[in-house]
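Colleague: Here it is: the structure, laid out below.
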């Protein structure tokens with residue numbers, strides 16, 4: 009299957025998911041008319057969304073999966089979702105990191121993808137509470153020239169704390185470390201983002217640690233794929249007026265983009281097809 013066909017499938021599934029969440033359910037025949045595709049194509053898209061755990065198939069259509077606000081998937085489960093979207097987001101967000109600056113990266117699979125692109129940004133000081141993110145930089149430095157740290161390699165500070173299912177370190181030790189620091193930019197992954205609840209997570213410890221991150225940053229950049237919009241976790245830790253930029257992917261619906269434009273000063277939609285390109 010070509011990259012273009014994959015992109016079209018992702019765009020269709022984003023529309024379907026938006027319809028399911030907005031209306032509380034959809035029928036296959038409604039989607040075939042709306043998307044102008046075959047019954048078989050819609051059913052394949054619903055199968056894919058059901059495997060991701062975001063819709064539940066019912067006779068003739070699908071309804072949203074309503075998770076408990078305390079449900080927290082593990083890192084491995086989340087890392088398998090929205091892979092191309094996270095890669096697009098990571099590539100775009102890395103362009104916002106200035107060489108020589110002090111940045112913070114929270115835990116999450118999107119910040120993990122971002123860390124791999126930040127390896128090319130020289131002389132960063134990186135503070136993170138993510139074991140996985142720290143491992144990305146450690147592995148790159150270990151793979152470098154033997155006998156010393158390569159020029160321009162990042163200085164990485166990993167906070168202490170109690171490990172969550174997302175492989176983040178949270179709690180009083182992490183909070184105390186972050187409280188005394190000041191970052192040029194915070195790149196923040198989230199469980200959910202909405203106008204009403206702001207940024208949220210199902211983990212109470214992570215909520216407090218993320219709150220400390222936000223307070224210590226001059227600029228807050230949220231990195232979140234389109235499925236996070238409209239999701240609400242147990243604990244809110246920041247309002248949208250504390251966010252400077254949201255970096256998301258092309259699957260974000262037009263309605264969501266309009267809502268975001270009203271409340272956020274910066275929106276970067278990564279992975280949009282270039283206009284005027286050759287067929």
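Residue numbers (our numbering): 9 to 287. The beta carbon of each residue, even a glycine, is placed where N, CA and C say it ideally should be.
Counting beta carbon pairs with one atom in the segment 216-234 and one in the segment 244-260, are three or more of them shorter than 8 Å?
Modeller: A contact exists between the segment 244-260 and the segment 216-234.
Colleague: Would you tell me roughly how many angstroms separate the C-alpha atoms of residue 232 and residue 118, rounded to the nearest one?
Modeller: For the purposes of this step, residue 232 is taken as residue 224 along the chain shown, with counting starting at 1. For the purposes of this step, residue 118 is taken as residue 110 along the chain shown, with counting starting at 1. Cα-Cα distance, rounded: 7 Å.
Colleague: Tell me the residue span of the alpha helix (DSSP H) that contains residue 112.
Modeller: Against the chain shown, residue 112 aligns to sequence position 104. Where residue 112 is concerned, there is no enclosing alpha helix (DSSP H), although the beta strand (DSSP E) it sits in stretches over 110-113.
Colleague: Within its chain, find whatever has a CB closer than 6 Å to the CB of residue 50; leave out the 5 residues flanking it on each side and keep chain order.
Modeller: As a position in the chain shown, residue 50 is number 42, starting the count at 1. 36, 39 and 40, listed in sequence order.
Colleague: Three Cβ pairs or more, each shorter than 8 Å: is that satisfied between the segment 42-57 and the segment 255-264?
Modeller: No: the two stretches stay apart, fewer than three of their Cβ pairs being nearer than 8 Å.
Colleague: With a CB to CB cut of under 7 Å and the five nearest residues on each side skipped, what residues in its chain are close to residue 47?
Modeller: Sequence index remark: in the chain shown, residue 47 carries index 39 (1-based). 36 and 40, listed in sequence order.
Colleague: Compare the beta carbon distance of residue 123 and residue 94 with 7 Å and say whether it is the shorter of the two.
Modeller: Numbered from its first residue, the chain shown carries residue 123 at position 115. Numbered from its first residue, the chain shown carries residue 94 at position 86. Their beta carbons are not under 7 Å apart, which means residue 123 does not touch residue 94 by this criterion.
Colleague: Rounded to the nearest angstrom, what separates residue 128 and residue 110 at their Cα positions?
Modeller: Taking the first residue of the chain shown as 1, we reach residue 128 at position 120. Taking the first residue of the chain shown as 1, we reach residue 110 at position 102. The straight-line gap from Cα to Cα measures roughly 15 Å.
Colleague: Could you tell me the alpha carbon to alpha carbon distance between residue 207 and residue 274, rounded to whole angstroms?
Modeller: Position 199 of the chain shown, counting from 1, holds the residue named residue 207. Position 266 of the chain shown, counting from 1, holds the residue named residue 274. Taking the straight line joining both Cα atoms gives about 16 Å.
Colleague: Cα separation between residue 56 and residue 268?
Modeller: Counted from its first residue, the chain shown places residue 56 at position 48. Counted from its first residue, the chain shown places residue 268 at position 260. Going by the C-alpha atoms only, they are around 27 Å apart.
Colleague: When you compare the CB positions of residue 243 and residue 272, do they come within less than 7 Å of one another, or not?
Modeller: The count along the chain shown starts at 1 and reaches residue 243 at position 235. The count along the chain shown starts at 1 and reaches residue 272 at position 264. Taking 7 Å as the Cβ cut-off, residue 243 and residue 272 do not qualify as a contacting pair.
Colleague: Helix, strand or coil, according to DSSP, for residue 205 in the structure here?
Modeller: Here residue 205 is taken as the residue at index 197 of the chain shown, counted from 1. Of the three classes helix, strand and coil, the one that applies to residue 205 here is coil, per DSSP.
Colleague: Using the DSSP secondary-structure output, state which residues sit across from residue 191 in a beta bridge.
Modeller: Translated into the one-based positions of the chain shown, residue 191 becomes position 183. Residue 191 pairs with 225.
Colleague: Which first and last residues belong to the alpha helix (DSSP H) in which residue 255 is found?
Modeller: Mapped onto the chain shown, residue 255 falls at position 247. Here residue 255 belongs to no alpha helix (DSSP H); instead the beta strand (DSSP E) covers 253-257.
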